[in-house]
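Down below is the structure, laid out as C-alpha cells.
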Amino acid sequence: MSRYEETYQAWQNDPEAFWAKAGEQIDWFTPATAVFNPESGVYGRWFDGATCNTCYNCVDRHVEAGHGSRTALIYDSPVTGSQASFTYAEMQRQVGALASVLRGLGVTKGDRVVIYMPMVAEAIFAMLACARLGAVHSVVFGGFAAQELATRIDDAAPHVVISASCGIEPGRVISYKPLLDEAISLSQNKPEHCVILQRETHTCALTEPRDIDYASAVGAAIAAGESTECVPVAATDPLYILYTSGTTGQPKGVVRDNGGHMAALKWTMEHHYGVAPGEVFWAASDVGWVVGHSYICYGPLLHGATTLVYEGKPVGTPDAGAFWRVLQDHKVAAMFGAPTAFRAIKKVDPTGALIAEYDLSHFRTLFLAGERSDPATVEWLQDKLDRPVIDHWWQTELGWPMSGNPVGLGAFEVKPGSPGKPMPGYDIRVLDDEGHAVSPGTLGNIVCKLPLPPSGFPTLWNAPDRFISSYMTEYPGFYATSDAGIIDEDGYVFIMARTDDIINVAGHRLSTGAMEEVIAQHPDIAECAVVGKADPLKGQMPLGLFVTNDGADRDEVELERELVQLVRAKIGAVAAFKHALEVKRLPKTRSGKVLRGTVQKIADGASFKMPAAIDDPDILDEITAALSARSLIGTMT
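Residue numbering for the sequence shown follows UniProt numbering, starting at 1 and increasing by one per position.
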C-alpha cells in the first residue's frame with residue numbers, strides 16, 4: 001500500500017516540521033535559526049541562518065563515514081569506446097585538487113565559474129569543486145553557439161571558465177575552443193582564466209597565460225597532495241545559476257540555494273525514486289539541464305548512491321539497444337529519461353526485440369520527465385519492459401518533482417497520461433484566466449500555492465523584478481508554472497501543454513497535448529506534434545506533424561485521413577483537425593523538447609529567431625519545405 005496520502009498529509013499539517021525532519025539527513029556546520037523564515041526573500045527562505053557545504057555532503061561525509069571505497073561515479077562513453085569509475089575517495093581527491101587549482105586562479109566564495117563541458121566525469125568534478133569553494137557555478141550546455149554562451153558569460157560575469165577541447169557525437173566532433181574564444185571576444189565581462197580539458201579525439205591550442213591545461217594542473221595538485229577545505233556558506237547562498245533552455249535576449253538565470261536544495265534532493269532519492277545508498281541511479285540527461293544538476297550530480301551523491309555519466313545517444317551509439325546495454329553493464333537500479341529518447345528507440349525497434357538481448361534483472365523502475373509523456377509511449381514501455389514506468393513533472397525553476405508517483409513510499413496506481421499526484425511541498429491548483437479555481441477535470445492554468453518548498457528558486461540572477469513579474473504577479477499568492485492542464489477527481493495531475501500551446505478554435509479552448517495523445521495511439525506513429533495555426537475564420541486551427549515508425553510503409557494521404565478520423569472520434573468535430581503532415585524529424589532542443597512555438601511561427605509565415613538550444617537547425621528548413629509543398633504556410637482553410 002502506498003504511504004503517499006499520509007506523507008502528503010503530514011506535510012500539509014506541519015510543513016516546517018516535515019522539512020526539519022528531512023533536513024536531519026544533511027550535515028550542517030551550524031543549524032538553522034528558523035526552518036522557514038516567511039519574512040526573508042520574496043516568499044520566505046528555508047533553513048535560514050544555517051551554514052553548510054554541498055560538496056561536503058556529496059563527497060567528504062561519505063568518505064568520513066567509511067564509504068570511501070564505494071563507487072561514486074561511472075563514466076560510460078560509447079562514442080569514444082571508453083569507461084571509467086571513481087570511488088568516493090577518488091572523487092574527493094579529484095574534486096579537492098581541482099578546487100585547489102581554482103583557488104590558485106583566484107576563485108573564492110561567491111565568485112562565478114562557467115562550466116562548458118561535454119558529458120565527462122570532469123564536468124561533475126567541476127561542479128563539485130565550485131561548491132567546495134562556495135563559488136557559484138553556471139553550467140552551459142556543451143556546444144552552445146558562441147553568441148548564446150557570450151550572453152551567459154556577460155550575465156554571470158565568471159572569474160573562470162572550465163571547458164574542454166571538444167564534444168563528441170555520432171559521426172562528428174564539435175570543437176568547443178573556437179566557440180569559447182569567440183564567446184569571450186563577444187562578451188563584455190572577460191573571464192581571467194579558462195581551464196581546458198584536452199581530449200584525445202581532438203586537442204586545441206591554448207592561449208597563454210589565460211588558458212590552463214586541466215590535466216596538467218589537476219595532476220600536479222594530486223601529486224602534491226593538494227586540496228581545500230569545504231568552505232562554509234549560508235544555506236540561502238546560491239549554489240548555481242542555470243539559464244533556462246531557449247533563452248533569447250536577456251538571459252533568464254534560475255538561482256538555486258545550497259541548504260534547501262540538499263534537503264529536498266536527499267529526500268527524493270529514497271522516497272520518490274526508491275533508491276538505496278550504494279545502488280546505481282542513471283539520469284540519461286546532460287549536465288547542461290536541470291536534470292543533470294539534480295540527478296546526475298547532486299541527488300545521487302547526496303544519498304551516497306552511484307551516479308552514471310553517459311556520453312552517448314539512445315540510438316546510433318551503436319543501435320537502439322544502447323540504453324538496455326548500459327542498464328545491464330552497470331546494474332542500474334533506477335533510470336530517469338525523457339520520453340523523446342524512448343520514442344526514438346521505439347521508432348527504430350517498434351517490437352522491442354533488442355530488449356531481450358540484455359540482462360535487466362537489477363533494473364527496477366523507469367522514470368520519465370522532461371516533456372509530456374504520451375500514454376502510447378508509457379504503455380509501450382510498460383509492455384516491453386514489464387516494470388513500473390513512472391511519469392513525473394517538474395521544472396528548472398523548482399529543481400525536483402512537482403508531481404509524481406513516489407516509489408519509495410510504495411507508489412500508487414499509474415494513470416497513463418498523468419505525471420501522478422502533487423508531491424509533499426507542492427499545493428497544486430488549477431485556475432481559470434481570471435484566477436478562479438475550476439472544477440475537477442476542467443482545463444486551466446496550473447499554479448502552485450506559495451511558498452515554494454525547499455529547492456524552489458528564490459530569484460533570477462540579476463533580475464529580481466523579472467522574477468516577480470514572470471512568476472508571481474499573474475496569480476497573486478501563487479507560482480505560475482506556465483503549464484496548462486487538469487486535476488481529476490482522484491487528485492491526479494494531467495499536464496496537457498504549455499499555456500502558449502492551448503489553442504482557441506472558434507471560441508473553444510483545446511489542448512494540443514490531448515490531440516497529440518490521440519495521434520500517438522496510432523500503431524504506425526513514432527512521435528508527433530500539434531500546433532495552433534492562425535485562421536481568419538476560426539481564430540486558430542490545429543496542424544499536426546508526425547513521424548512514422550521505421551518499416552511503416554504507408555501512403556501519407558491515407559495515413560493523414562486515418563489520423564483526422566481518429567482525432568474526430570476521440571475529441572470530436574469541435575477540434576476541427578484536418579491536416580496532419582508527415583516529416584522525417586521533429587525539431588527539438590538538445591534536451592528533447594519539441595519546438596512547437598517555432599513550428600507555429602513557420603506555419604503562420606511569421607518571423608522567428610533560431611532557437612539557441614535547437615539540436616539540428618536543418619530540420620526547420622525541411623519542415624518549411626514540407627508545409628510550403630502543401631500550401632500550409634500563412635493560410636489554411
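Idealized CB from N, CA, C, for every residue including glycine.
For Gln-147, three-class secondary structure by DSSP: What you label residue 147 is simply residue 147 of the sequence shown in a count that begins at 1. Taken through DSSP and simplified to helix, strand or coil, Gln-147 comes out as helix.
By the three-class DSSP mapping on this structure, what secondary structure does Gln-9 have? Numbered from 1 along the sequence shown, position 9 holds the residue referred to as residue 9. It is helical.
In the DSSP assignment, find the unbroken beta strand (DSSP E) run with Gln-540 in it and report its ends. As a working note, residue 540 is residue 540 in the sequence shown. It spans 539-548 - the beta strand (DSSP E) in which Gln-540 sits, taken as one unbroken run.
Closest to Cys-204 by C-alpha separation, out of Leu-180, Ala-223 and Asn-189, would be which residue? Stepping through the sequence shown from its first residue, residue 204 is reached at position 204. It is Leu-180.
Does DSSP put His-193 in a helix, in a strand, or in coil? Here residue 193 refers to the residue found at position 193 of the sequence shown. The DSSP-derived three-state label of His-193 is strand.
Please list, in chain order, all residues of the same chain as Ser-2 whose beta carbon is under 7 Å from its beta carbon, the five residues on each side excluded. If you number the sequence shown from 1, residue 2 lands on position 2. Only Leu-409, Gly-410, Ala-411 and Phe-412 meet the Cβ criterion.
Considering only DSSP beta bridges, list what Phe-36 is partnered with. Counting from 1 along the sequence shown, the entry for residue 36 is found at position 36. Trp-46, per the DSSP bridge assignment.
Using the three-state DSSP reduction, which class does Gly-246 fall into: helix, strand or coil? Locating residue 246 in the sequence shown gives position 246, where the first residue counts as 1. Because the pLDDT at Gly-246 is just 42, under 50, the model does not fix this residue reliably, and the value given afterwards should be weighed accordingly. When DSSP states are grouped into helix, strand and coil, Gly-246 belongs to the coil group.
Check for me: the alpha helix (DSSP H) holding Met-262 runs from which residue to which? Against the sequence shown, residue 262 aligns to sequence position 262. Looking at the DSSP string, the run of the alpha helix (DSSP H) that includes Met-262 is 259-271.
Using three-state DSSP, classify Thr-512 as helix, strand or coil. One-based indexing of the sequence shown puts residue 512 at position 512. Assignment of Thr-512 by DSSP, reduced to helix, strand and coil, places it in the helix class.
Tell me the DSSP bridge mates of Thr-30? Stepping through the sequence shown from its first residue, residue 30 is reached at position 30. For Thr-30, which the question treats as bridged, DSSP gives the partners Thr-51.
From the DSSP output, in three-state form, read off Thr-637 for me. In the sequence shown, residue 637 corresponds to position 637, counting from 1. Any reading at Thr-637 needs caution, since the residue's pLDDT is 46, under 50, leaving its predicted position unreliable; the model's value is listed next. Thr-637: coil per DSSP, three-state reduction.
Shortest alpha-carbon distance to Leu-581 belongs to which of Gly-68, Pro-611 and Arg-630? Here residue 581 refers to the residue found at position 581 of the sequence shown. Here the closest residue by C-alpha is Arg-630.
Val-287 beta carbon less than 8 Å from that of Phe-281: Stepping through the sequence shown from its first residue, residue 281 is reached at position 281. Stepping through the sequence shown from its first residue, residue 287 is reached at position 287. In this structure, Phe-281 sits away from Val-287, with a CB-CB distance that is not shorter than 8 Å.
Hey, how far is the Cα of Gly-597 from the Cα of Pro-617? Mapped onto the sequence shown, residue 597 falls at position 597. Mapped onto the sequence shown, residue 617 falls at position 617. Straight-line spacing of the CA atoms in Gly-597 and Pro-617 works out to 14 Å.
So is Thr-637 buried or exposed if we call it buried at 16+ other beta carbons inside 10 Å? Locating residue 637 in the sequence shown gives position 637, where the first residue counts as 1. Model confidence at Thr-637 stands at a pLDDT of 46, short of 50, so the residue's coordinates are unreliable; what they give is reported in the following sentence. So Thr-637 counts as exposed.
Across the segment 385-393 and the segment 283-297, are there enough close Cβ pairs to call them in contact, namely three or more that are closer than 8 Å? Not touching, per the Cβ criterion.
Would you kindly check if the distance between the Cβ of Phe-478 and the Cβ of Cys-448 is under 8 Å? Here residue 448 refers to the residue found at position 448 of the sequence shown. Here residue 478 refers to the residue found at position 478 of the sequence shown. Less than 8 Å separates the beta-carbon of Cys-448 from that of Phe-478.
Using beta-carbon positions only, say whether Leu-242 and Val-160 come within less than 8 Å of one another. As a first step, residue 242 is located in the sequence shown; it is residue number 242 there, counting from the start. As a first step, residue 160 is located in the sequence shown; it is residue number 160 there, counting from the start. Going by C-beta atoms, Leu-242 is not nearer than 8 Å to Val-160.
Could you check what DSSP says for Val-107 in three-state terms: helix, strand or coil? Taking the sequence shown and counting its residues from 1, one reaches residue 107 at position 107. DSSP, read as helix, strand or coil, puts Val-107 in coil.
Same chain, Cβ closer than 8 Å to residue 647, neighbours up to 5 away in sequence not counted: Only positions 1 to 637 of the chain appear in the structure, and residue 647 is not among them; the question remains open.
Write down the C-beta distance between Thr-151 and Pro-251 rounded to the nearest angstrom, noting that I regard them as a contact closer than 8 Å. As a position in the sequence shown, residue 151 is number 151, starting the count at 1. As a position in the sequence shown, residue 251 is number 251, starting the count at 1. The distance from the Cβ of Thr-151 to that of Pro-251 is about 5 Å, consistent with a contact at the 8 Å cut-off.
Sub-8 Å separation of Ala-156 and Val-114 beta-carbons: Position 156 of the sequence shown holds residue 156. Position 114 of the sequence shown holds residue 114. Yes. Within cutoff.
For His-272, which of Thr-351, Tyr-4, Ala-97 and Ala-612 has the nearest alpha-carbon? Translated into the one-based positions of the sequence shown, residue 272 becomes position 272. Residue Tyr-4 is the option with its Cα nearest to His-272.
Using 8 Å for Cβ pairs, my map puts Lys-415 next to Tyr-492. What's the rounded Cβ distance? In the sequence shown, the residue the question calls residue 415 occupies position 415. In the sequence shown, the residue the question calls residue 492 occupies position 492. The beta carbons of Lys-415 and Tyr-492 sit about 5 Å from each other, so the pair counts as a contact at 8 Å.
Do Ser-165 and Arg-199 have their beta-carbon atoms positioned less than 8 Å apart in this structure? Mapped onto the sequence shown, residue 199 falls at position 199. Mapped onto the sequence shown, residue 165 falls at position 165. Yes; because the gap between Cβ atoms is below 8 Å, this pair is in contact.
Residues near Gly-513 in its chain [Cβ-Cβ closer than 6 Å; skip 5 each side]: Reading the sequence shown from its first residue, position 513 is the one you call residue 513. Correct list, in chain order: Arg-372, Met-496 and Ala-497.
CB contact below 8 Å: Ala-135 versus chain B: Going by chain labels, chain B is absent from the structure shown, which holds only one protein chain.
Taking the continuous beta strand (DSSP E) assigned at Gln-83, which residues delimit it? Sequence index remark: in the sequence shown, residue 83 carries index 83 (1-based). Counting along the chain, the beta strand (DSSP E) containing Gln-83 begins and ends at 82-87.
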